[in-house]
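Residue numbers (the numbering used here): 6 to 636.
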Ligand SMILES: [Zn+2]
């Protein structure tokens, strides 16, 4: 768990007003202050809520606890987290921020957390002990008391008194010294599968051969003496597929590969050795029939055995007709579902206009807006990653089709005839680290999760497939009525319970528990914030809000983040990556501005950026160079 701020800012409040004038500083002051001092502070300082450092009458101090940090803890000589640095004199006025953006943000490198081969966590075969009320797991932070045959645990998250008798599993570990550590792996072997070959996965190339694939582009000749050549989209895809097959043969000769093409009809070639299956007419609109055909089709052989017939089928592809993308995607996903971690790579240049999932207005088949979401669910449930590549200069309604990639952990990109090969290679390089991933985040009662769950102190997010390097972020805040209690509390606990299935089918629960100290916004120095956590969160959240049509909310977030970025850059010279984060925010702002101007919906270009933003991760953590956005 990586936090954007070293402390929990307990008095941050979301803005409830429409974009425009920000609330007066007085509204940000915690409620425990007398009205007079509030007015005084807001009229004297136009910049902040620094009322926390104003002298107050002695009588009041005895009733209300003083603002907590920065101070030394008496209980623990070596606090795990340091108080934020006090702003240097002179810079102080500038250093204070109004904290329009919520800095209570935490990031989880899920791609790393599910990689149990690299986990420093302690493995444990005995199950965790859970709180009977909030389902928090007992950890080394828990306060337990042993009484004869019974152990009393006052849950640090919800306050529930749990009585654990000696009959309960895990009671042996409830003695103080042997409590579970802060980072623990609980592993159960899945008895259904005794042997899993990790190489056993399928790559399905699902290729558009509709008429528009014949559009050609000029390719600059290598030599100025020669005349330029023209290559069609289909030719570039054929070339890219043949290269992909050769490199798969080198790197993973046991990988199974299948080919599906689509135009007016869908043709399933499988590994190219059998009789192709053709779906046409009525069968293109029958979900169950297509699914059944995909399930029945013979399992493709590995690439070492099938490269020649596959290459032959690729060479023979000819373009004509319409775009039955929906049925082709369905049959490909069903075929890939045989092996967890399989991939479907869809390569298209036009709107789906025939059969299930047709998107063109006036299409003879009824358009079902849930088709792509339903298909995505099908893929996620079986641990299949779908990536969608479309050609530049076309309109594919990427916002709809991209859902398939977005939900399954795949990529969305717009390619051209010279980049399609490289993009297919990078899609092939992505690997699924875990499937069926669910993250449960718990904090103390009184904490809530803006934009997710406004009520509970526990958040459950289903992540499905997790690929290498994936990062997810959450923001949290303290309910106004709990601010005072939290200030008195000094520190609050956080727990992540990550449930997942590894590629070799082990069921794992990883539990990480931490505590953070509490502060008020007036003590936060913008320069001390972790910019990468904040920026990744802002990109992910705003992209999600935009996709859900909540453009105004996204704009408000972006504005707050821009102001914070400005404060930060004034306070410390930022490393190079920070300007990249600044660019993300500006790009997202432009997209939102366009969207609020007219109601045309997202263009393919904008949809691509938004989907890539949803997959945003820290620039520093990147292994490979992945384009200008750093995504
Ligand atoms: Zn509890």
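Don't be surprised by glycine CBs; every beta carbon is placed ideally from N, CA and C.
For residue 332, the uninterrupted alpha helix (DSSP H) segment begins and ends at 330-341. In the DSSP annotation of this structure, the continuous segment of the alpha helix (DSSP H) that includes residue 314 starts and ends at 308-320. Residue 246: member of the alpha helix (DSSP H) spanning 238-256, first to last residue. For residue 162, the shortest C-beta to heavy atom distance toward ligand 1 is below 6 Å. Within the chosen limit of 6 Å, ligand 1 does not reach the beta carbon of residue 461 with any heavy atom. The beta carbons of residue 361 and residue 335 sit about 7 Å from each other, so the pair counts as a contact at 8 Å. By the Cβ neighbour-count rule, residue 622 is buried, with 16 or more other Cβ atoms within 10 Å of its own.
Residue pairing from DSSP leaves residue 139 without any beta-bridge partner. Three or more Cβ pairs closer than 8 Å define a contact, and the region 240-247 meets that threshold against the region 309-329. In the three-state scheme derived from DSSP, where H, G and I count as helix and E and B as strand, residue 268 is classed as coil.
Per DSSP, the unbroken alpha helix (DSSP H) holding residue 413 starts and ends at 403-413.
The three-state secondary structure of residue 303, taken from DSSP, is coil.
Note that the C-beta distance between residue 539 and residue 142 is not below 7 Å. Under the DSSP assignment, residue 488 falls in the alpha helix (DSSP H) whose first and last residues are 488-494. Residue 107 is positioned such that its CB atom lies no closer than 7 Å to that of residue 545.
Across the structure, residue 222 and residue 420 are spaced so that their CA atoms are roughly 13 Å apart.
When secondary structure is reduced to three states using DSSP, residue 512 falls in the strand class.
For residue 138, the shortest separation between its Cβ and any heavy atom of ligand 1 lies below 6 Å.
Distance from the C-beta of residue 141 to the nearest heavy atom of ligand 1 is below 6 Å. Annotation for residue 607: no beta strand (DSSP E) segment contains it, and DSSP assigns it neither H nor E. Fewer than three Cβ pairs drawn from the region 553-566 and the region 516-525 lie within less than 8 Å of each other, which leaves the two stretches out of contact. For residue 551, the three-state secondary structure derived from DSSP is helix.
When DSSP states are grouped into helix, strand and coil, residue 588 belongs to the helix group.
Contact between the region 328-344 and the region 378-398 is present: 3 or more CB-CB pairs across the two stretches fall below 8 Å. The shortest C-alpha to C-alpha distance from residue 312 to any of 17, 352, 252 is the one to 252.
Per the DSSP secondary-structure output, residue 275 pairs in a beta bridge with 264. At the C-beta level, residue 146 and residue 498 come within 7 Å of one another.
Under the three-state reduction of DSSP, residue 446 is assigned to strand.
Less than 7 Å separates the beta-carbon of residue 254 from that of residue 308. In this model, residue 600 and residue 615 are separated by some 12 Å (Cα to Cα). Relative to the Cα of residue 416, the nearest Cα in the group 496, 242, 618, 552 belongs to 618. With a threshold of 6 Å, the Cβ atom of residue 567 does not count as near ligand 1, since no heavy atom of the ligand is closer than that. In this structure, the C-beta of residue 165 approaches ligand 1 to less than 6 Å from one of its heavy atoms. If you draw a straight line from the Cα of residue 464 to the Cα of residue 109, it comes to about 15 Å. Of 250, 283, 337, 541, the smallest CA-CA separation from residue 430 is found for 250. Contact between residue 116 and residue 475 is confirmed by a C-beta separation of about 4 Å, below the 8 Å threshold.
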